[in-house]
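These notes concern the structure reproduced below.
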Ligand code: GAL
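Numbering (our numbering), first residue to last: 5 to 756.
This is the structure we're talking about:
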């Protein structure tokens with residue numbers, strides 16, 4: 005299923021940046037920049053003899069909707085004319101196969117070289133089984149150099165028959181090229197976050213699996229270097245000869261110190277050509293101390309529910325072994341399950357109910373206050389949980405949501421306050437039911453059952469739709485069926501709705517429509533959600549248009565996206581995260597700026613899960629900044645594959661407490677320089693959190709200068725990531741911060 009492109013350029017750009025780049029081009033590669041193009045479908049267009057001079061020229065790599073065929077969907081053809089020089093094969097080291105790389109095709113392709121079919125990915129509507137979109141698949145067709153279809157030193161015609169089922173169409177997400185395959189193309193590294201083990205004695209072991217995907221032996225050298233980037237010193241350097249037999253693999257394990265600043269570089273160099281594949285990474289280092297065996301209550305200290313609505317709240321607690329939960333002061337109508345720690349029921353009367361929670365295990369007990377505010381406002385702290393989009397994209401399914409929920413529980417994340425499980429786009433069936441109610445597609449056999457399962461575990465259930473006729477993924481939206489949809493969601497037990505503008509923009513007179521036109525669809529759904537007999541947190545997703553932060557509360561929006569989609573790169577994180585400064589005043593309990601979901605762990609928007617491309621330093625910055633911003637914390641990764649580093653990053657209760665602070669004040673950007681920034685956040689207990697961000701590509705010393713921050717007194721400093729008191733500091737606090745990294749400190753004892 006393609007993505008809509010016309011109005012959703014941002015989404016397209018996101019995808020273009022996201023999916024792993026195809027293999028690198030080899031020596032002598034010829035880029036295919038343009039081709040002839042026409043809409044329609046005639047078999048003779050595959051033939052080299054066909055005269056296509058009347059066809060339009062198209063840039064290859066951009067959907068046709070961006071090149072003059074804005075509203076066209078269906079069949080279309082490209083004909084790429086290219087002379088293939090025999091020097092390509094003579095200059096190649098391996099001299100085995102010609103590679104024709106066509107990037108991605110939205111949605112189905114059948115590709116011919118000089119009239120001979122050389123590949124087909126996806127299914128056309130007329131194929132048995134019907135249309136199947138395969139836009140995420142890379143089209144890389146390989147032909148033996150002896151293949152008679154190749155006309156060496158003459159003009160060749162690569163004819164690509166495409167079918168676009170909706171949204172964007174044609175060759176996209178990369179520029180096509182031809183080159184010769186080299187042996188190095190058979191080599192790949194299995195490189196995941198899970199491949200790091202932390203060993204006693206502050207050591208870490210990185211393992212790497214190198215595979216040969218070809219049916220020939222590949223001979224070369226495996227080398228690695230470990231470096232201390234903080235000092236620039238090389239710690240270890242080693243090379244070993246390595247021959248990989250056909251379709252074989254080999255594991256390597258490299259041990260290095262476990263501390264900040266360790267980098268490793270691993271490579272394989274193929275003997276015949278000298279071609280190299282390598283990875284260079286920073287060792288993910290763990291800062292959060294191990295969770296105490298003693299009981300501890302974490303997560304939100306305040307929760308909102310409307311009078312009479314079902315309340316579901318799992319007390320987030322950690323501690324070894326079996327925990328027993330109890331509560332004092334629960335209002336009539338609510339009860340606590342002493343084994344699961346889930347509070348359910350409903351409260352008829354509005355008011356603030358102060359409860360004392362206690363959690364006990366064999367080592368002791370811990371108590372903490374929880375205020376349940378029965379009134380109009382929901383999401384009194386930023387929603388924390390998971391959303392399917394950044395990992396599963398449109399391939400989300402009931403099974404994936406259930407296994408993710410199970411992983412959230414099994415990995416102990418619920419003990420730190422993670423509680424929403426939100427299905428994003430891709431759950432909707434192609435047709436509404438006869439009574440026009442929305443139905444899920446075959447991937448979701450029982451929505452109500454899924455909701456019950458989540459609720460029985462104290463989790464909350466989120467869903468996604470668009471006010472337009474279609475969602476951004478091309479699925480059915482709520483347009484003209486809003487009332488039905490709101491009621492259906494409530495009947496399934498939905499607790500959270502992400503309402504994504506998408507194709508609604510097509511119903512607006514202009515791209516830059518009036519405030520009223522932008523608000524209309526959100527008002528409609530606001531009023532419908534209010535009528536439901538359960539609480540549905542309302543997440544506005546319209547990318548921050550018309551300064552939504554100014555009118556989000558009027559929509560009864562609990563959170564509103566402030567930007568386009570995030571992706572797992574420093575650029576994206578930097579551009580989005582550090583641009584939230586001007587929005588500080590708009591964040592309040594129940595009204596949150598949403599700079600989009602977290603991009604840590606295994607992400608991939610569908611079929612290409614990969615470890616986040618953020619460095620460990622950037623990931624600390626990400627979690628710190630989002631917490632400083634009081635941003636919703638929605639994980640977008642495969643929870644079943646949380647490596648120890650990511651899990652550690654997501655379970656620092658002192659960091660989470662900054663995000664979940666009941667005061668709900670977004671941090672202010674106090675010092676803004678090119679190379680660093682200082683942000684300060686006020687907490688409910690009167691303390692402050694200071695984040696020192698290093699925006700440079702190298703280590704640098706940064707100072708929280710009390711004078712510059714207008715602070716006086718005997719100031720006590722606590723390192724939040726390490727959960728360590730650093731004592732009192734007279735003039736300020738100076739620390740060396742990693743490239744794109746952060747130092748997050750909490751200060752007390754100051755006067756102003
Ligand atoms: C985008 C939205 C993403 C995701 C996607 C689904 O518009 O910003 O977060 O929901 O649509 O198609």
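Where is the CB? At the ideal position from N, CA and C, for every residue including glycine. On a predicted model such as this, the values are computed, not experimentally measured, just so you know.
Quick check on this structure: which residue in 523, 80 and 95 has the alpha carbon closest to the alpha carbon of residue 111? For the options 523, 80 and 95, the alpha carbon positioned closest to that of residue 111 is the one of 80.
Per DSSP, residue 360 is paired with what? Paired residues: 332 and 373.
With burial defined as no fewer than 16 other Cβ atoms inside 10 Å of the residue's Cβ, what is the status of residue 294: buried or exposed? Answer is exposed; the Cβ neighbour count stays below 16.
Check each candidate in 536, 519, 484 and 476 and name the one with the smallest Cα separation from residue 496. Closest by alpha carbon: 536.
Is it true that the CB of residue 601 sits closer than 8 angstroms to the CB of residue 393? It is a contact, given that the beta carbons lie within the stated cut-off.
Could you pull the start and end residues of the beta strand (DSSP E) that residue 242 belongs to? Start and end: 237-248.
Just the Cα atoms here: how many angstroms apart are residue 60 and residue 39? Computed Cα separation, rounded: 8 angstroms.
Is residue 192 closer than 8 angstroms to residue 215 when the C-beta atoms are compared? Contact flag set, yes.
Specify, as a first and last residue, the run of the alpha helix (DSSP H) that residue 394 falls within. Here the alpha helix (DSSP H) through residue 394 covers 393-396.
Where the alpha helix (DSSP H) containing residue 590 begins and where it ends: First-last for residue 590: undefined, no H or E at that position.
Does any heavy atom of the ligand GAL sit closer than 7 angstroms to the C-beta of residue 468? For the ligand GAL, at least one heavy atom lies less than 7 angstroms from the Cβ of residue 468.
Closest by CA to residue 444, which one among 454, 455 and 431? Checking every option, the nearest Cα to that of residue 444 belongs to 431.
CB-CB under 6 angstroms to residue 736, same chain, minus the five flanking residues each way: which ones, in chain order? Closer than 6 angstroms at Cβ, skipping near neighbours: 707, 708, 709 and 710.
Work out the CA separation of residue 339 and residue 363 for me, nearest whole Å. Distance between residue 363 and residue 339, taken at the CA atoms: about 15 angstroms.
Could you spell out where the beta strand (DSSP E) holding residue 680 opens and where it closes? That run of the beta strand (DSSP E) goes 680-686.
Does DSSP put residue 399 in a helix, a strand or coil? Taken through DSSP and simplified to helix, strand or coil, residue 399 comes out as helix.
Leaving aside the five residues before and after residue 756 along the sequence, list all residues of the same chain whose C-beta is less than 8 angstroms from its C-beta, in chain order. Apart from sequence neighbours up to five positions away, the residues of its chain that approach residue 756 with a beta-carbon distance below 8 angstroms are 714, 715 and 716, ordered along the chain.
To which residues of the same chain is residue 2 closer than 8 angstroms at the C-beta, ignoring the five residues directly before and after it? Residue 2 cannot be examined here, being either before or after the span of the chain that is shown, 5 to 756.
Touching or not, the stretch 438-455 and the stretch 320-328, by the rule of three or more beta carbon pairs under 8 angstroms? Flag = no, the stretch 438-455 and the stretch 320-328 do not touch.
Look at the alpha carbon of residue 634 and the alpha carbon of residue 451, and state the distance between them as a whole number of angstroms. Going from the Cα of residue 634 to the Cα of residue 451 covers about 31 angstroms.
In the DSSP assignment, what residue or residues form a beta bridge with residue 698? In the DSSP assignment, residue 698 forms a beta bridge with 680.
Between 241, 208 and 254, which lies nearest to residue 223 when the distance is taken from Cα to Cα? Closest by alpha carbon: 254.
Rounded Cβ spacing between residue 280 and residue 273 (contact assumed at less than 8 angstroms): About 5 angstroms; that satisfies the 8 angstroms criterion.
Cutting at 6 angstroms between CB atoms, please list the residues of its own chain near residue 256, excluding the five before and the five after it. If we look at residue 256 and ignore the five residues flanking it on each side, its Cβ neighbours are 212.
Secondary structure at residue 582, three-state DSSP: helix, strand or coil? Taken through DSSP and simplified to helix, strand or coil, residue 582 comes out as helix.
Exposure of residue 251, with buried meaning 16 or more beta-carbon neighbours within 10 Å: Residue 251 is exposed by the Cβ-count criterion.
Is there contact between the stretch 185-199 and the stretch 497-507, where contact requires at least three CB pairs shorter than 8 angstroms? The stretch 185-199 vs the stretch 497-507: no contact.
Could you say which of 474, 503, 296 and 692 lies nearest to residue 171 if we only look at CA atoms? Ranking 474, 503, 296 and 692 by Cα distance to residue 171 puts 474 first.
Residue environment, residue 426, which counts as buried when at least 16 other CB atoms sit within 10 Å: By the 10 Å Cβ count, residue 426 comes out buried.
Quick one: is residue 565 buried, meaning 16 or more other Cβ sit within 10 Å of its Cβ, or exposed? Buried.
Simplified DSSP assignment, three categories, for residue 381: Residue 381: coil per DSSP, three-state reduction.
Residue 732 vs residue 750 beta-carbon contact at 8 angstroms: It is not a contact, given that the beta carbons lie outside the stated cut-off.
With respect to 7 angstroms, is the separation between the Cβ of residue 483 and the closest non-hydrogen atom of the ligand GAL below this value? No.
Beta strand (DSSP E) containing residue 81: first to last residue? Counting along the chain, the beta strand (DSSP E) containing residue 81 begins and ends at 78-87.
Pick from 381, 321, 383 and 388: whose alpha carbon is nearest that of residue 361? When C-alpha distances from residue 361 are compared across 381, 321, 383 and 388, the shortest belongs to 321.
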